[in-house]
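A.B. asks:
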Amino acid sequence: MILDARPTSSDISIDLTPVIDMVFNLLIFFLVATSFHQTEREMKIALPQASSAGPISAMLKEIIVNVDAEGRTIVSGRTIAAEDLRMVVKEAVAVNPEQKVTVRGDRTTAYANIVAVLDICKGSGIQEPYLDTVLGD
Numbered sequence: 337m338i339l340d341a342r343p344t345s346s347d348i349s350i351d352l353t354p355v356i357d358m359v360f361n362l363l364i365f366f367l368v369a370t371s372f373h374q375t376e377r378e379m380k381i382a383l384p385q386a387s388s389a390g391p392i393s394a395m396l397k398e399i400i401v402n403v404d405a406e407g408r409t410i411v412s413g414r415t416i417a418a419e420d421l422r423m424v425v426k427e428a429v430a431v432n433p434e435q436k437v438t439v440r441g442d443r444t445t446a447y448a449n450i451v452a453v454l455d456i457c458k459g460s461g462i463q464e465p466y467l468d469t470v471l472g473d
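Going by our numbering, the letters in the sequence shown line up with residues 337 to 473, in that order.
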């Protein structure tokens with residue numbers, strides 16, 4: 337009986353196609369999720385300057401309320417009335433008592449417009465509404 341003394345080479349290969357597909361799907365997901373979040377922050381609101389401005393810590397489903405130069409209140413890209421804002425915030429607080437709200441007021445709007453929005457937030461159960469600013473000189 338003759339035995340072959342050569343070692344047998346087994347070609348082990350890993351198919352990377354499913355891994356690459358999954359990476360592309362994750363990439364697309366994060367690009368889309370980021371672009372939705374950026375839409376709120378890219379509205380044409382000229383924020384006032386503050387010497388200690390900084391990023392807000394990561395939050396789950398933060399509500400961003402924009403107050404434009406004319407005093408209109410904008411949430412999710414649409415103008416809403418004060419009573420509608422009150423209902424949106426109350427519903428969010430009912431679901432999540434730790435709900436975060438950021439108010440972005442245009443620097444040229446009357447401060448009374450921003451105070452009205454902050455008052456609605458506080459009256460609806462938001463413990464600490466954030467007032468967004470940009471870093472100044």
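Cβ atoms here follow ideal geometry from the backbone N, Cα and C, with glycine treated the same way.
Between the beta-carbon of residue 381 and the beta-carbon of residue 440, is there less than 9 Å?
C.D. replies: Yes, they are a contact pair.
A.B. asks: Rounded to the nearest angstrom, what separates residue 447 and residue 355 at their Cα positions?
C.D. replies: Their backbone Cα atoms lie some 53 Å apart in a straight line.
A.B. asks: Under the three-state reduction of DSSP, which class applies to residue 392: helix, strand or coil?
C.D. replies: In this predicted model, residue 392 has a pLDDT of only 46, less than 50, meaning its place in the structure is not dependable; the value taken from the coordinates is given anyway. Residue 392: coil per DSSP, three-state reduction.
A.B. asks: Measuring only the C-alpha atoms, how far is residue 451 from residue 367?
C.D. replies: Taking the straight line from one Cα to the other gives about 35 Å.
A.B. asks: Return helix, strand or coil for residue 444, following the three-state DSSP convention.
C.D. replies: It is coil, neither helix nor strand.
A.B. asks: Which partner residues of residue 386 appear in the DSSP bridge assignment?
C.D. replies: Answer by DSSP bridge pairing, in chain order: 471.
A.B. asks: So residue 453 and residue 401 are supposed to be a Cβ contact under 8 Å. How far apart are they, rounded?
C.D. replies: With 8 Å as the limit, residue 453 and residue 401 qualify as a contact, their Cβ atoms being about 6 Å apart.
A.B. asks: For residue 407 versus residue 445, is the C-beta distance shorter than 9 Å?
C.D. replies: Going by C-beta atoms, residue 407 is nearer than 9 Å to residue 445.
A.B. asks: Let me confirm a value: residue 348 is counted as buried when at least 16 other C-beta atoms fall within 10 Å, else exposed. Which label applies?
C.D. replies: Classification for residue 348: exposed.
A.B. asks: With DSSP collapsed to three states, give me the class of residue 414.
C.D. replies: Reduced to three states, the DSSP call for residue 414 is strand.
A.B. asks: Between 363, 360, 462, 414, which lies nearest to residue 422 when the distance is taken from Cα to Cα?
C.D. replies: Considering only alpha carbons, the answer is 462.
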